[in-house]
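Asks: Protein chains in written order, with our numbering: chain C, 3 to 109; chain F, 273 to 387.
Glycine is no exception: its CB is placed at the ideal position from the N, C-alpha and C atoms.
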Amino acid sequence: QKEVEQNSGPLSVPEGAIASLNCTYSDRGSQSFFWYRQYSGKSPELIMSIYSNGDKEDGRFTAQLNKASQYVSLLIRDSQPSDSATYLCAASSPMRFGAGTRLTVKP
Amino acid sequence: DTGVSQNPRHKITKRGQNVTFRCDPISEHNRLYWYRQTLGQGPEFLTYFQNEAQLEKSRLLSDRFSAERPKGSFSTLEIQRTEQGDSAMYLCASSSTGVATGELFFGEGSRLTVL
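#1: Quick check on Gln356 of chain F: does DSSP put it in helix, strand or coil?
#2: For Tyr362 of chain F and Leu384 of chain F, which I take to be in contact (beta-carbon distance under 8 Å), what is that distance rounded to the nearest angstrom?
#3: Could you confirm whether any beta carbon from chain C is found closer than 8 Å to the beta carbon of Gly357 of chain F?
#4: DSSP state of Asp335 of chain F, grouped into three classes?
#5: Under a three-way DSSP split, which group does Pro16 of chain C fall into?
#6: Does chain C have any CB closer than 8 Å to the CB of Leu349 of chain F?
#7: In three-state terms, what does DSSP make of Ser84 of chain C?
#8: Drop a sphere of 10 angstroms on the beta-carbon of Pro16 of chain C, count the other beta-carbons inside from all chains shown, and report buried for 16 or more, exposed for fewer.
#9: Within 8 Å of any Cβ in chain C, is that where the Cβ of Leu311 of chain F sits?
#10: Taking C-beta to C-beta, are Lys283 of chain F and Ser382 of chain F nearer than 8 Å?
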């Protein structure tokens, strides 16, 4: 079993829609969780971090954490074509990544 | 702040040769990580350092791989007797153990091609 699992996608949504990305993790000792975005040919960059159960909002992005279910999610509201990328879920520490979900936002 | 720097950016080698990659982290960061990434996969954890101490190494990592961070600044990753399966992007990242713990800052990577 992989330490961090993501619904591998790919995921395609129309511009302006909500994109929902999901992730589960196996190590109950993990305390910190992250979503990274990776554009094709580029390195990952941090979008959100979340440490406590519940929701955390930052602009169009909302991260949700449920430690009892070992589940992390990312919602992207009002999706834009520029959001098209691979989204990586990660759990710490040290940081382990899922395989990523490729998101395409169609104009 | 010049960010995380990795060299070389590309390396093509023949099977059986040794290769070494270098990573210069962000200067105030005390943690340094190495990951390997292949097409369609997320970064795979290899090893990490806090200052000069290597704190963890992936159990899946072959003993052909070795990493050092001798003075707690730059790090090197050496792959001995390369195999075609070693072809990948090798990513270095750094972080601090300060308030905003956990965020990794990645370099642009070193792409290895083993012929």
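Replies: So, from the data block:
#1: helix
#2: 6 Å
#3: no
#4: coil
#5: strand
#6: no
#7: helix
#8: exposed
#9: no
#10: yes
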